[in-house]
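Asks: Chains as they are written, first to last, in our numbering: chain A, 341 to 660; chain B, 3 to 281; chain C, 71 to 373.
Glycine included, each C-beta is placed from N, C-alpha and C at the ideal position.
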Amino acid sequence: MRPLRLTSGLSAFVLSTLFWLGSFWVALRVGAVSDADFDLVLQLRLPRVILASAVGMGLSVAGATLQALFTNPLCEPYTLGISSGAALGAVIGSALGYDASYSGLAVPAFVGALLFAGVLSVISRRSTSSQLAVLLAGVMLGLLGSSLVAVWMAVSDAQGIQGALIWLMGSLSRARMEGSILSLFGVITLSLLLWRKWRELDAFLLGEEGALALGVSVQQVRTQMILLTSLLVGLCVSGAGMIGFIGLMIPHFVRRFSGSLHLTLLPLCAIWGATSLNLADSLARTAIAPYELPVGVVTALAGAPFFLSILLKRMGRVEG
Amino acid sequence: MVAPNSSPRLSAYGVRFSFSPPRGREPFILGNVSLELHPGQVATLLGANGSGKSTLMKLLSGLLTLEESWCEGLVRYQSEELYRLDSRVRARRVTYVGPDFSAEFPVTAFEAVLMGRSLQSRNWFRLSTNEDRDLVREAMEKCQCWDLRHRELHTLSGGERQRVAFARALAQGAKVILLDEALSRMDLHHQAAIGQLMRQLADQSAYTFLLVSHDLNVATEWADSAFVLHEGEIRAQGGLGTVIREDVLNMLYPGADLRVGESPTSGKPKVFFSNSRSV
Amino acid sequence: MSIDLSWQRVTLLASVIFGIWSGFSSWGEARELVDQSGHIVTLVERPLRIVTVAPSLAEVAGDLLVDELDRIVGVSEHTTFPPALTNRPSIGPFFKLNLERILSLKPDLVLATKDGNSREEVRHLRELKLPVVVVSTSNLGEVSRSMELIGEALGVPDRGKRMSAQFNAGLESLRKRAAARKIALHILIQIGMDPLVVAGGNSFVSDAVSVLGVKNIYQAAEQPYPRPSLEDAVIKSPDVILIVAMSSNVHELQHSEGKKWRSFQRIKAVKDNRIYVLPGDRILRPSLGLLEGLALVERTLFP
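#1: Roughly how many angstroms separate the alpha carbons of Asn23 (chain C) and Glu242 (chain C), rounded to a whole number?
#2: Cys576 (chain A): which of A:Gly362, A:Thr563, A:Gly398 sits nearest, CA to CA?
#3: Quick one: using the 10 Å Cβ neighbour count with 16 as the cut-off for buried, is Leu350 (chain A) buried or exposed?
#4: Return the residue from the list A:Gly555, A:Leu623, A:Asp621, A:Glu632 that minimises the CA-CA distance to Ser160 (chain C).
#5: Give me the DSSP bridge partner(s) of Leu633 (chain A).
#6: For Thr405 (chain A), which residues in the same chain have their Cβ closer than 7 Å to its Cβ, ignoring the five residues on either side in sequence?
#7: Please identify the residue among C:Pro349, C:Leu219, C:Pro294 whose C-alpha is closest to the C-alpha of Ile313 (chain C).
#8: From His194 (chain C) to Asn168 (chain C), what distance separates their C-alpha atoms?
#9: Let me check understanding here. Comparing Cα to Cα, which of C:Arg116, C:Arg336, C:Leu258 lies closest to Ala290 (chain C)?
#10: Would Ala173 (chain B) pass as an interface residue toward chain A - the criterion being a Cβ-Cβ separation below 8 Å?
#11: Using a Cβ-Cβ cutoff of less than 6 Å, which residues in the same chain neighbour Thr46 (chain B) once the five nearest sequence positions on both sides are dropped?
#12: With 8 Å set as the bound, which would you pick, yes or no: does the beta-carbon of Trp97 (chain C) sit closer than that to a beta-carbon of chain A?
#13: Who pairs with Gly452 (chain A) in a beta bridge, going by DSSP?
#14: Is Ser160 (chain C) helix, strand or coil by DSSP?
#15: Whose Cβ in chain A lies nearer than 8 Å to the Cβ of Ser120 (chain B)?
#16: Quickly, what does DSSP pair Arg101 (chain C) with across the bridge? List them, please.
#17: For the alpha helix (DSSP H) that Phe593 (chain A) lies in, which residues bound it at each end?
#18: Which residues does DSSP list as the beta-bridge partners of Ser227 (chain B)?
#19: Can you confirm whether Leu554 (chain A), when its beta carbon is compared against all beta carbons of chain C, has any partner nearer than 8 Å?
#20: Which ranges would you report for the beta strand (DSSP E) in the stretch 28–113 of chain B if only whole runs of at least 3 residues count?
#21: Are the beta-carbon atoms belonging to Gly613 (chain A) and Ile586 (chain A) less than 8 Å from one another?
#22: Which whole-angstrom value is the C-beta distance of Ala111 (chain B) and Leu150 (chain B), which I expect to be below 8 Å?
#23: Of all the CB atoms in chain B, is at least one closer than 8 Å to the CB of Gly519 (chain A)?
#24: Quickly, what does DSSP pair Tyr15 (chain B) with across the bridge? List them, please.
#25: Take Phe94 (chain C) and list the residues in its own chain whose beta-carbon comes closer than 6 Å to its own, dropping the five residues that flank it on each side.
#26: Taking Cβ positions only, does Asn272 (chain C) come closer than 8 Å to chain A?
#27: Less than 8 Å between the C-beta atoms of Ile345 (chain C) and Gly328 (chain C), yes or no?
#28: Out of A:Ala430, A:Ala435, A:Leu605, which one is the CA nearest neighbour of Leu455 (chain A)?
#29: Count the other CB atoms within 10 Å of the CB of Ser699 (chain A); is the residue buried (16 or more) or exposed (fewer)?
#30: Can you check the stretch 480–517 of chain A for any beta strand (DSSP E) of at least 3 residues that lies completely inside it and give the ranges in chain order?
#31: Who are the neighbours of Tyr438 (chain A) on chain C, taking C-beta pairs under 8 Å?
#32: Starting from Arg261 (chain B), follow the beta strand (DSSP E) in both directions and report where the run begins and ends.
#33: Between which residues of its own chain and Val99 (chain B) is the CB-CB distance below 6 Å, once the five residues before and five after are set aside?
#34: Quick one: residues in its chain with C-beta nearer than 6 Å to the C-beta of Arg79 (chain C), no 5 flanking neighbours on either side, listed in chain order?
#35: Since Leu118 (chain C) and Leu103 (chain C) are thought to touch, with beta carbons under 8 Å apart, how far apart are those beta carbons, to the nearest angstrom?
#36: Can you grab the Cα-Cα spacing for the pair Pro387 (chain A) / Leu436 (chain A), in whole Å?
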């Protein structure tokens, strides 16, 4: 197992980047309409591909980070309820009539995510909060958010809420050039900030106790990482709605081939997340044209069997 | 052996600790604990289950702190307060090795031990230097787990993982190592090897070890001194001969009816069941 | 006599010539109209590449274009009227438009509706510099106005006005018959099944059906599609329950909904067995077809 890891880092990167560029090409070319209209490609597909790369990157990096932070292979970007915060923000924004031209409900969704991120950071900072406590707090926050959305739905005009919820369903078709580039920039910045702490994330692999023994100031690092990942997830959800399974699957997939150390894991997750979302979106766009499959459906259909296989493998593991 | 008149390396004074604010008559886990550990000392911490041994070990290594308002006391590394140190610096001085060393994700033994060193570095892109890798190799060879280096932790047996855990502690460079049931799953030959390694490091390089082991005879074989933790306080401390006594043991383990004898090979005190109720 | 070429005169002459020239040149080029979403849309005089993004729009546009149907180059899924358009290239369902297909057809006019199309997608189309005319059909008055607007947009304003007049005349005759009947029927218009969703006074359905002289028991509701409790419906005890089905399984619904209501014998409509299921997509089109649809409802309610 070992020889494929640390030393082959460079070739792994080169290979992965090639795949990523390949996915770009596929996304731009597949489903070509009668004439290969350059206009079409530029106006509609390029922003879409950029957004897919940004969101795929963001979700995978966030997923990998959360899995390490909570030493739990089942963690994924939405575990801490940030997406419910975004949903709540979107719903309230839509009810207040908020509808800025380029961003749709992106801004109120991001604000909602930010608020939830803030609450989580405060909880994480308390020294009496263990890893499990923070995780549960996140799950509870998520449930709270969803419940509030449901309450709002029950008492308000169903039409507006419908619009907000459709908006939240994962879709890359809203992509505009400015928004996509902004998202990409944001995702890259946040991912770099997370990547900087790769040593600490590695330490978390040995558990909270293990990390402490190694000299990591667990509370501080955890709070910082939670804040950064929440911003990352908030950015992704405000830009493209909720797209599941990427954040869960990609880190596991990359670990199989390149090990768990975050120096290489995070960048490879970023690249593969971008690649897979591009491919999934291409499929969503062309599979039943002119209808468009929700991209979250494509990722879930690919992801669910994978998820099950992880579970079964873990349950069948023999204790040493 | 403990150097005479050496100043304590790791010490605790008046430690009072509880995980949550004590309500009413609920006592603190640790009421008033004071102890001192010196360079070259291999000590063992005795106490019944639930007496707070692990908690004390974690407080002594910085995994837990006394910062909550209901806690009191002081833990010092030489003359500095342990909790004031930057966590990285602290890790270079004292470290804790727990009973379970594992990872939920694929991590090789080598990678795990390397973490001890890589966390001390600040270079963004360098996974490890040659020096780091040499130190890791040395540590793993001393702990007889170098041949396991490419195996993933979750594929190793309990004893194998404990050897890797010890190697991690060594590689990290800390000279005070607290071992919480860290030898319990090793095969006897490995236990012997690690025990001898401890003695050697203590005698030749002035390392300090504090062991907790549910098997008293393992503890007494390698240690030269002992502390007894009972009802939240240190009730007895000193050389093995002064502490390992029948009255102390029967206080800790009432009803066990234990006898203390001597090892025919090392002369160390050994604990026996009197088994007077046998058929 | 020599022409005085002082610079003032030259300038004046040049402006006049320019004015006449630009007046002529815009004659066949661009014009502006205001659609029902309040946007000012710049269009060519006679759009030749029209895309309709909802079935009802294809119907109205088709009826207005008569024999020039090939000016419509793209339609939404499930466009069935007029039959000639069924095989046109599809640009996706009205609730999720395939923008690529629309763009690739290079339309010079896109007809969209506020009721059914996503605001976000319409906005995206505008950002792609496509001329989008949005109609609104939330009540009968707006439907009538939408016919005129579509006529204008297509470059056949007279036909649009004629259709609108025909529409209003048809409604008027229905109203007259209703007045002559002098029957006050209280009805509940059911849209959704579980939970109960009804059409309030603010909805298009209610507005249309009220032409027949019936009284919607939820006329006063603020929301267009409120969700009252079953108890409330029982208390109000409508004479007729009209179930508007959005898909074609009319018979199944008749059976299943009939069963659900049967336990509420206190409701007059249930006692008198006056629960009717009507295919909403056929009846309630915001086009001339509405007149036929309402006539069908009239026959059902007043045999």
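Replies: So, from the data block:
#1: The requested residue 23 (chain C) is not part of the displayed model; chain C covers only 71 to 373.
#2: Cys576 (chain A) has its Cα closest to that of A:Gly398, out of A:Gly362, A:Thr563, A:Gly398.
#3: With fewer than 16 other Cβ atoms inside 10 Å of its own Cβ, Leu350 (chain A) counts as exposed.
#4: The candidate whose alpha carbon is nearest that of Ser160 (chain C) is A:Glu632.
#5: None, per the DSSP bridge assignment.
#6: Taken in chain order, the residues that qualify are Leu534, Leu541, Met565, Thr569.
#7: Nearest C-alpha to Ile313 (chain C): C:Pro349.
#8: Between His194 (chain C) and Asn168 (chain C), the C-alpha separation is close to 11 Å.
#9: Per the Cα distances, C:Leu258.
#10: So, not an interface residue.
#11: Counting only Cβ-Cβ distances below 6 Å, and skipping sequence neighbours, we find Leu213, Ala221, Ala225, Ala228.
#12: Low confidence applies here, because Trp97 (chain C) scores a pLDDT of 44, under 50, leaving its location unreliable and the question unanswered by this model.
#13: Beta-bridge pairing by DSSP links Gly452 (chain A) to no other residue.
#14: Assignment of Ser160 (chain C) by DSSP, reduced to helix, strand and coil, places it in the strand class.
#15: For Ser120 (chain B), the C-beta contacts it makes with chain A under 8 Å involve Arg539, Asp542, in order along the chain.
#16: According to the DSSP secondary-structure assignment, Arg101 (chain C) is paired through a beta bridge with C:Leu113.
#17: Unbroken alpha helix (DSSP H) run through Phe593 (chain A): 586–598.
#18: Answer is B:Ala45, B:Gly241, bridged to Ser227 (chain B).
#19: Using beta-carbon distances, Leu554 (chain A) does not count as an interface residue toward chain C, since no partner is under 8 Å.
#20: Correct list: 32–39, 44–48, 74–79, 96–99.
#21: Against a cut-off of 8 Å, the Cβ pair of Ile586 (chain A) and Gly613 (chain A) comes out as a contact.
#22: Right, their Cβ atoms sit about 5 Å apart.
#23: Output row for Gly519 (chain A): interface = no.
#24: Its beta-bridge partners are B:Leu76.
#25: Model confidence at Phe94 (chain C) stands at a pLDDT of 49, short of 50, so the residue's coordinates are unreliable; what they give is reported in the following sentence. None.
#26: Using a CB distance cut-off of 8 Å, Asn272 (chain C) does not count as an interface residue toward chain A.
#27: In this structure, the beta-carbon distance from Ile345 (chain C) to Gly328 (chain C) falls below 8 Å.
#28: If we check each option's Cα against that of Leu455 (chain A), A:Ala430 comes out closest.
#29: Lying outside 341 to 660, the shown extent of chain A, residue 699 (chain A) is not represented and no answer is given.
#30: The stretch 480–517 of chain A contains no complete beta strand (DSSP E) run of 3 or more residues.
#31: Within chain C, not a single residue places a beta-carbon under 8 Å from that of Tyr438 (chain A); the smallest gap is close to 13 Å.
#32: 260–264 is the span of the beta strand (DSSP E), which, as asked, contains Arg261 (chain B).
#33: Counting only Cβ-Cβ distances below 6 Å, and skipping sequence neighbours, we find Ala167, Ala171, Leu181, Ala184.
#34: For Arg79 (chain C), same chain residues with a beta-carbon under 6 Å away, outside a window of 5 residues either side, do not exist.
#35: Wrong, their Cβ atoms sit about 17 Å apart, outside the cutoff.
#36: Whole-angstrom Cα-Cα distance: 28 Å.
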